[in-house]
Every structure is written in C-alpha cells, then in structure tokens.
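K.L.:
Protein chains in written order, with the UniProt record's numbering: chain C, 1 to 74; chain W, 1 to 74. Backbone N, C-alpha and C define an ideal beta-carbon position, used for all residues, glycine too.
2 protein chains.
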Amino acid sequence: MTVHVAAMDIRERLARNLRLLRQEKGWSQEAFADEAGLHRTYISDLERGARNPTITVVDKLAIALGVTPGRLLD
Amino acid sequence: MTVHVAAMDIRERLARNLRLLRQEKGWSQEAFADEAGLHRTYISDLERGARNPTITVVDKLAIALGVTPGRLLD
DNA sequence: CTGTGACTGGGAGTCCGTG
DNA sequence: GCACGGACTCCCAGTCACA
Numbered sequence: 001m002t003v004h005v006a007a008m009d010i011r012e013r014l015a016r017n018l019r020l021l022r023q024e025k026g027w028s029q030e031a032f033a034d035e036a037g038l039h040r041t042y043i044s045d046l047e048r049g050a051r052n053p054t055i056t057v058v059d060k061l062a063i064a065l066g067v068t069p070g071r072l073l074d
Numbered sequence: 001m002t003v004h005v006a007a008m009d010i011r012e013r014l015a016r017n018l019r020l021l022r023q024e025k026g027w028s029q030e031a032f033a034d035e036a037g038l039h040r041t042y043i044s045d046l047e048r049g050a051r052n053p054t055i056t057v058v059d060k061l062a063i064a065l066g067v068t069p070g071r072l073l074d
C-alpha cells in the first residue's frame with residue numbers, strides 16, 4: 001500500500017504551486033505555456049501532477065513566473 | 001552564441017550544492033548513492049553537471065542530505 | 001480554456017568496466 | 001574514491017487530435 005508516496009509528493013507540490021502562481025498572474029495555461037516556451041498540453045499535465053519533469057523544465061517555469069526553482073518545489 | 005545558458009546554470013548549481021553538502025557529511029559518492037537509492041556513477045555525473053535529472057531524483061537527493069529540494073537548486 | 005490518450009526521438013537512469 | 005566510457009532499458013520531452 002502507498003507504494004510511490006514520496007515521488008507523488010514532489011510532483012503534486014509542483015502542480016499546486018504552478019496552478020496557484022499562474023492564476024495569480026491571471027494567465028491561461030496557454031499564455032503561461034508561451035511565456036515558458038513549452039506546449040499548452042504539457043502545462044496541463046504538469047498542473048495535474050501527471051508528469052515527472054526535469055530540472056531544466058522547472059527552471060523555465062520558474063523564470064516565466066519570476067520565482068526561484070525552489071519556490072516551485074518546496 | 002550562448003545557446004543553452006540557463007539550462008547549464010541550474011545543473012551546475014545542483015552540482016555544486018551536491019558536492020558541498022555531501023562532503024560536509026563526510027560521505028563518499030558511493031555512500032551517498034546508497035543513501036539516496038541511486039547509482040554510484042549517476043552521482044558522479046550529477047556532481048559534474050553532466051546530467052539533467054528529474055524532480056523525483058532531486059527529491060531523493062534532498063531527503064538523503066536532509067535538506068529541502070529548493071536548497072539544492074536555488 | 002482545459003483534460004486526456006496516443007505517438008516518436010532522445011535522454012534519464014542503471015550496470016559493466018578501466019586507470 | 002573518483003572520472004569516464006560503452007551499452008542497455010525505460011521514461012521524459014514535445015506534439016497532435018479530440019472531447
């Protein structure tokens with residue numbers, strides 16, 4: 001039971017942080033995707049915790065949102 | 001000219017943080033690898049900035065070192 | 001505007017070795 | 001103990017059609 005807890009955790013922390021910070025900016029997922037140089041559907045996946053991104057992707061997201069990478073993961 | 005600067009940046013920040021924190025613990029790369037549940041050669045690659053890990057790996061590293069994931073990336 | 005399944009190429013992560 | 005290489009498997013990056 002509860003096999004992959006820790007792994008799910010950090011993805012869901014990222015998911016929550018992304019959605020909140022994006023909404024604070026008043027951006028659609030599509031607008032956010034353009035700012036970060038990523039695809040619209042990829043942002044959707046990230047905000048649902050459905051992907052396990054690399055740190056270079058986290059860096060792009062953080063830069064687009066104007067926060068540190070750590071702010072997205074902690 | 002300066003094509004992938006940002007991507008290199010975060011990997012090298014991670015590399016530096018990993019090596020410093022590991023040495024503070026007095027661990028070998030192999031001992032660290034065991035603590036984090038990763039392979040010995042992979043730790044070597046990470047500390048040389050030669051790899052682009054996923055956030056689940058960053059989480060494992062952070063837990064092994066007793067710090068937040070953000071502490072490794074910021 | 002967003003969620004989701006499916007797809008492909010390339011890279012993440014492991015394991016063997018060497019000096 | 002560490003850097004580095006080759007080879008392998010599997011999953012991530014990036015995109016599309018459709019609901």
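Tell me the start and end of each unbroken alpha helix (DSSP H) in the UniProt domain "HTH cro/C1-type" (18–72) of chain W that is at least 4 residues and wholly inside, in chain order.
P.N.:
The qualifying runs are 29–36, 40–47 and 55–65.
K.L.:
Does the beta carbon of C/Ala-36 sit closer than 8 Å to a beta carbon anywhere in chain W?
P.N.:
no
K.L.:
Do you know whose CA, among C/Leu-18, C/Pro-69, C/Leu-65 and C/Thr-54, lies nearest C/Ile-43's CA?
P.N.:
Of the candidates C/Leu-18, C/Pro-69, C/Leu-65 and C/Thr-54, the one whose C-alpha sits nearest the C-alpha of C/Ile-43 is C/Leu-18.
K.L.:
Does the region 52–65 of chain W touch the region 50–60 of chain C, meaning 3 or more C-beta pairs lie closer than 8 Å?
P.N.:
yes
K.L.:
Within 10 Å of its beta-carbon, does W/Arg-40 have 16 or more other beta-carbons around it, so buried, or fewer, so exposed?
P.N.:
exposed
K.L.:
Please list, in chain order, the chain W residues whose beta carbon lies closer than 9 Å to that of C/Gly-70.
P.N.:
Thr-68, Pro-69, Gly-70, Arg-71, Leu-72, Leu-73 and Asp-74
K.L.:
Can you pull the chain W residues whose beta carbon is under 7 Å from the beta carbon of C/Leu-61, in chain order?
P.N.:
Those do not exist, as C/Leu-61 stays about 11 Å from chain W at its closest Cβ, beyond 7 Å.
K.L.:
W/Arg-11 versus chain C: which residues are under 8 Å apart at the beta carbon?
P.N.:
Ile-55 and Thr-56
K.L.:
What does the alpha-carbon distance come out to for the pair C/Arg-22 and C/Glu-35?
P.N.:
11 Å
K.L.:
On the three-state DSSP scale, how would you describe W/Asp-74?
P.N.:
Per DSSP, reduced to three states, the secondary structure at W/Asp-74 is coil, with no helix or strand assignment.
K.L.:
Counting only Cβ-Cβ distances shorter than 7 Å, please list the residues of the region 15–29 of chain C near chain W, keeping chain order.
P.N.:
Cβ contacts with chain W come from no residue of the region 15–29 of chain C.
K.L.:
Can you list, in chain order, the residues of its chain whose CB lies under 8 Å from that of residue 126 of chain W, leaving out five sequence neighbours each side?
P.N.:
A question about residue 126 of chain W goes unanswered here, because the residues of chain W that appear run from 1 up to 74.
K.L.:
Between W/Glu-30 and W/Asp-45, what straight-line distance do the alpha-carbon atoms span, to the nearest angstrom?
P.N.:
12 Å
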